[in-house]
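The UniProt record's numbering numbers the first residue of the sequence shown as 1 and each following residue consecutively.
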Amino acid sequence: MAETLDRSPATVTETFQRLDEDGLVEYEAYNGVTLTDAGRERAGELHETYVTISWFFQSLLELDDYEKEAMELAGLVSPTVAERLTDTLPIETDAPSHSEGANPSAATDYESS
1 MAETLDRSPA
11 TVTETFQRLD
21 EDGLVEYEAY
31 NGVTLTDAGR
41 ERAGELHETY
51 VTISWFFQSL
61 LELDDYEKEA
71 MELAGLVSPT
81 VAERLTDTLP
91 IETDAPSHSE
101 GANPSAATDY
111 ESS
């Protein structure tokens, strides 16, 4: 996982431990990490925010690298701002999709490294 994220193993371990303490994942050293129900819910919220921001960046601002920009901002926007953006923007049904790695319904079990 550390290699995939281009982070040090210590950083990934600390992050998993923090997410475990927050109840978003179940982390067992050397065995991996699994999203909890709360983690899946939060991932879904982040995905919705990502789709909204991605659509805004692509359709209204016409940014070339809209997916990367949206990915970087999605976790920084408060739920209130995300909800208001979603309610305000004329998001089309063919809004840009997310990269496979960001899909909260994709595989949720990962082995840590």
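All C-beta atoms in this analysis are idealised placements derived from N, C-alpha and C, irrespective of residue type, glycine included.
Same chain, Cβ closer than 7 Å to residue i, five either side skipped, listed in chain order
i: T36; result: G23, L24, V25 and E26
i: E63; result: With the sequence shown as reference, residue 63 is identified as Leu, and Glu is not the correct amino acid for it. Excluding sequence neighbours, L63 sits near F57 and E69.
Buried versus exposed call for residue i [16 or more other C-beta atoms within 10 Å across all chains shown]
i: Y50; result: buried
i: S78; result: exposed
i: S54; result: buried
Candidates the options: closest to residue i by CA position
i: P90; options: M71, G75, A74 and T52; result: T52
i: E67; options: P79, T86 and H47; result: H47
Exercise for review: Pick out the complete alpha helix (DSSP H) segments inside the stretch 42-85, 4 residues or longer, and give them in chain order.
Suggested key: 66-74
Check your understanding: Which runs of the alpha helix (DSSP H) fall wholly inside the stretch 6-38 and span at least 4 residues, in chain order?
Key -> 9-21
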